[in-house]
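301 is the number that the numbering used here gives to position 73 of the sequence shown; each next residue is one higher, with no gaps. Working notes for the structure below.
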Amino acid sequence: MATHPDTTRLLLRLCHDLKTSVRTIRAHAELLLRDTGTGPVTDLEQRLGFIAAGARNLDSLIDRLTAYSVALETPELPVQSIGMDVLVRGALARLEQLLRENGAEVSYDPLPRVRANSDRLIQLLEELVCNAVTHGGQAGARVHRK
């Protein structure tokens with residue numbers, strides 16, 4: 229799915245500029261949080277925490293937009309028949325640290341074989357699991373696919 233090179237350059241430049249701004253917001257919010265962390269949590273600390281968390285989320289979204297921009301320039305990739313269980317295990321291996329840090333578990337029933345590009349499908353599975361863990365509420369999320 230190749231696009232015009234100017235489009236990709238624009239997206240990559242935009243991602244870089246956004247990332248720079250978000251990094252500044254996050255760094256200063258985290259510095260203020262660290263400086264105020266001597267006593268009971270105040271309303272200001274709570275709000276700074278929301279700002280820092282929002283900046284971390286934006287940072288993650290920008291990383292994904294950057295990856296998408298690069299993928300736009302990637303030529304069509306070959307497909308092959310592969311078991312989804314192999315792909316799921318690959319995605320979970322890459323997300324091992326995220327799952328451990330969040331106390332999350334992923335389980336699945338037997339999965340079919342599919343015709344796909346394994347790299348792209350693993351990337352998609354990573355995004356789905358990452359979103360489920362990140363936006364699934366409390367730590368210790370359980371994800372199961374029947």
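Just so you know, even glycine gets a beta-carbon here, dropped at the ideal spot from N, CA and C.
DSSP three-state assignment for residue i, whether helix, strand or coil
i	result
residue 258	helix
residue 321	helix
residue 304	coil
residue 331	coil
residue 364	coil
residue 270	coil
Residue i to residue j span [Cα, whole Å]
i	j	result
residue 257	residue 310	45 Å
residue 280	residue 254	5 Å
residue 358	residue 262	27 Å
residue 349	residue 272	42 Å
residue 363	residue 282	12 Å
residue 239	residue 286	15 Å
residue 334	residue 370	6 Å
residue 264	residue 274	11 Å
residue 332	residue 317	15 Å
residue 234	residue 297	11 Å
In DSSP terms, what residue i is bridged to
i	result
residue 344	308
Could you tell me whether the segment 296 to 305 touches the segment 334 to 342, where touching means 3 or more Cβ pairs closer than 8 Å?
no
Cβ contact (3+ pairs, closer than 8 Å) linking the segment 238 to 250 and the segment 289 to 302:
yes
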